[in-house]
Amino acid sequence: AGPAESGWRKPRVGHFIGGDWTDSASGRSYPKRSPWSGETLSEVAAGDAEDADRAVAAAHAAFDGWAAALPHERQLVFLRAADVLERREEEMLGALAAETGCGRVFGGVQLAFAVRLLRQAAQLAYRPAGELLPSDVAGTTAMAVRRPVGVVAAIAPWNASLTLAGRAIIGPLALGNTVVLKPSEDSPYTGGALWAEVLHEAGLPAGALNVVTHAPGEAGGIGDAMLANPLVKRINFTGSTATGRRLAEQAGRHLKRLVLQLSGQNPLIVAADADLDYAVDAAVYGAFIHQGQVCMCARRVYVERPLAEEFAGRFAARAAALPTGDPSDPATVVGPVINEWALALIDRRVREAVGLGARVLAGGVPSPPCYPATVLADVPDEAEIAHGETFGPVVVLETVDSAEEAVARANTSDLGLVASVITGDRPRGLRLAAALEVGIVHVNDQPVNDEPHMPFGGVKDTGWGRFGLGFAAEEFCELQWITVRDQ
Ligand code: ADP
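What follows is the structure in structure tokens.
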């Protein structure tokens with residue numbers, strides 16, 4: 004490992020509360036290091052429950068004003084913020100590479116998503132806030148009116164830091180809510196403070212967005228404070244199924260509604276009539292983009308028998324040849340894994356699979372701080388990597404006798420985020436899509452796909468609810484039924 008070439012540094016990352024940058028009430032901070040070079044990038048405010056409660060109070064105080072802002076005022080904030088992000092593109096790509104090891108390709112994907120998210124959020128300001136309904140009571144006008152819920156807490160992960168924090172805050176804000184964002188300790192700037200900077204510059208009123216950062220291992224205290232605080236009306240969470248389950252258990256006690264976007268174990272199915280070149284491209288991108296650290300990445304590739312051998316050979320050769328290393332080098336495809344614990348976990352799971360009889364077709368040996376693109380075959384079902392989400396560039400390859408068998412195999416998973424089906428037969432693709440127990444299916448596309456207005460989310464243990472601006476009103480508004488009778 005060498006120094007992070009981008010040279011991006013942000014010496015201090017504080018909390019953003021009520022429109023001001025502040026230190027933690029405790030005065031504590033922690034060093035955020037580059038996953039590539041290990042150098043300290045930022046000294047980050049190490050917040051706790053007290054800071055979270057201050058942020059919630061600031062969001063609550065700002066709510067009436069932001070909820071009552073004219074559509075035109077809200078629209079302008081999001082349009083200006085999109086311009087700010089575009090202007091700062093190079094700096095943002097440097098920040099994403101330095102802070103999260105994100106290469107230029109996926110960094111570009113994240114920025115493009117964030118800009119579109121903001122421009123589409125600007126349109127939400129002029130969407131109807133409710134509907135008129137017919138009534139069986141004579142002389143009555145009946146309405147269902149959508150109102151913002153109040154303070155929304157957003158708990159976001161480090162992996163697609165810019166995009167996922169954006170998705171967690173922009174929909175709720177556009178609908179008139181105020182927000183407290185808790186980024187991951189691994190992305191305090193690109194998944195947190197950056198959004199505060201951009202929206203503040205764009206004119207978002209003080210207190211509408213607040214950001215509270217924290218040291219590694221201390222997320223729980225802030226999460227607990229958000230759950231217990233009666234001023235927080237909704238929590239949206241993107242992260243692991245294990246953490247989501249903990250939050251849901253506590254949320255029951257507080258009767259707090261959650262939106263949960265959790266783990267995936269995503270199948271990519273290659274039918275015998277698929278275009279082989281395309282299928283290999285889709286699998287390489289879908290499995291290895293951002294080192295496989297995207298919830299949508301393909302974890303299992305099922306290939307129908309007639310194509311299986313040829314596919315395995317080409318796919319493994321492409322995986323083995325992917326340039327691996329410094330994320331700020333434009334040639335790099337596989338950058339560093341986010342931290343040493345993540346690297347150790349990937350290594351342990353691959354070793355376990357190999358110990359149980361799996362064959363390594365590519366990769367399989369860590370080269371810290373990177374883990375190479377890895378293709379495994381003959382992985383027995385009892386290996387953890389065959390069913391649990393492993394956040395890294397490792398994919399399990401299986402031969403099947405039919406795409407229908409692949410669907411049945413895929414559906415044995417407890418997780419149900421996204422699936423891809425590659426086939427020359429579109430009607431068959433649609434039939435397979437209907438049979439897959441997942442929230443999202445792409446026929447003839449790779450799985451790492453997101454658009455700000457689409458209903459993003461999963462079924463089974465992948466969570467509850469949907470992100471996506473067109474659907475956010477169902478999660479982040481209350482419906483109020485009002486009737487008015489003629490005198
Ligand atoms: P990932 O594998 O994506 O890091 P995590 O579930 O560990 O998944 O983290 C996702 C987010 O959840 C991060 O912001 C992390 O700090 C936060 N988090 C972790 N543990 C808790 C907790 N007990 N309460 C609230 N948030 C938590």
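Residue numbers for the sequence shown follow full-length UniProt numbering, beginning at 4 and rising by one. Cβ atoms here follow ideal geometry from the backbone N, Cα and C, with glycine treated the same way.
Going by DSSP, name the residue or residues bridged to residue 493.
-> Because the chain here runs from 4 to 490, residue 493 falls outside it and cannot be looked at.
Any non-hydrogen atom of ligand 1 within 6 Å of Gly106 CB | no
Backbone CA spacing between Gly133 and Glu481 [nearest angstrom] | 11 Å
Please report the residue range of the alpha helix (DSSP H) in which Pro175 lies.
-> Ser164 to Ala177
Is Ala323 near ligand 1, judged by its Cβ being under 6 Å from some heavy atom?
-> Not so, every heavy atom of ligand 1 lies at least 6 Å from the Cβ.
Compare the beta carbon distance of Trp69 and Thr181 with 7 Å and say whether it is the shorter of the two.
-> Taking C-beta atoms as the reference points, Trp69 and Thr181 count as a pair closer than 7 Å.
Where Arg469 falls: helix, strand or coil (DSSP) = Arg469: coil per DSSP, three-state reduction.
Kindly examine ligand 3 and report whether one of its heavy atoms sits closer than 6 Å to the Cβ of Val337.
-> For ligand 3, the structure offers nothing, since it holds only ligand 1.
Report the three-state DSSP secondary structure of Gln449 (helix, strand or coil).
-> Coil at Gln449, not helix or strand.
Excluding sequence positions up to five away, which residues of its chain have a Cβ less than 6 Å from the Cβ of Ile20?
-> Arg57, Ala58, Ala61 and Asn213
If we call anything under 7 Å between Cβ atoms a contact, is Gln113 one with Leu197?
-> In this structure, Gln113 sits away from Leu197, with a CB-CB distance that is not shorter than 7 Å.
Can you tell me whether residue 3 is buried or exposed, with buried defined as 16 or more other CB within 10 angstroms of its CB?
-> No answer is possible for residue 3: the residues shown for the chain start at 4 and end at 490.
Where DSSP assigns a beta bridge to Val201, which residues make up the other side?
-> Per DSSP, none; premise fails for Val201.
Spatial neighbours of Phe459 within its chain, please: CB distance less than 8 Å, with the 5 preceding and 5 following residues excluded, ordered by chain position.
-> Arg170, Gln264, Gly442, Ile443, Asp453, Arg469, Phe470 and Gly471
Can Ala196 be considered in contact with ligand 1, in the sense that its beta carbon sits closer than 6 Å to one or more heavy atoms?
-> no
Extent of the continuous alpha helix (DSSP H) run through Leu346 | Glu343 to Gly358
Take residue 1 and list the residues in its own chain whose beta-carbon comes closer than 6 Å to its own, dropping the five residues that flank it on each side.
-> Examination of residue 1 is not possible in this model, given that the chain is present from 4 through 490 alone.
If we ignore side chains and look at the alpha-carbon of each, how far apart do Tyr192 and Gly153 end up?
-> 25 Å
Indicate whether Ser32 and Glu42 have their beta-carbon atoms separated by less than 7 Å.
-> no
By Cβ distance below 7 Å, which residues in the same chain neighbour Ala205 in space, the five residues on each side in sequence not counted?
-> Val80, Arg83, Ala84 and Val87
Looking only at its own chain, which residues have a Cβ that is under 6 Å from the Cβ of Arg488, when we skip the five neighbours before and after it?
-> Gly142 and Thr143
Please confirm whether Ala100 and Pro330 have their CB atoms less than 7 Å apart.
-> A Cβ-Cβ contact shorter than 7 Å links Ala100 with Pro330.
Taking only the alpha-carbon atoms, compute the straight-line gap between Glu200 and Pro375 and give it to the nearest angstrom.
-> The straight-line gap separating the alpha-carbon atoms of Glu200 and Pro375 is approximately 35 Å.
Would you verify that the beta carbon of Asp453 is, or is not, closer than 7 Å to some beta carbon of chain E?
-> Absent here is chain E; the protein component of the structure consists of one chain.
Cβ-based burial, Val424 [other Cβ within 10 Å; buried from 16] | buried
Collapsed DSSP secondary structure at Thr415 in the structure displayed | coil
Residue range of the alpha helix (DSSP H) that includes residue 491 | No statement about residue 491 is possible, as the shown extent of the chain runs from 4 to 490 and does not include it.
Could you round the C-beta distance between Val363 and Leu346 to whole angstroms and report it? I think they count as a contact, below 8 Å.
-> With 8 Å as the limit, Val363 and Leu346 do not qualify as a contact, their Cβ atoms being about 17 Å apart.
Regarding Ala28 and ligand 1, is the C-beta to nearest heavy atom distance less than 6 Å?
-> no
Quick check: the stretch 416-423 against the stretch 316-334, are there 3 or more CB pairs under 8 Å?
-> At 8 Å Cβ cutoff, the stretches do not touch.
Cβ-based burial, His217 [other Cβ within 10 Å; buried from 16] = buried
According to DSSP, what are the bridge partners of His18?
-> Paired residues: Thr25.
Where are the beta strand (DSSP E) runs, 3 residues long or more, that stay fully inside the stretch 73-117, in chain order?
-> none
At what residues does the beta strand (DSSP E) containing Glu134 begin and finish?
-> Gly133 to Leu136
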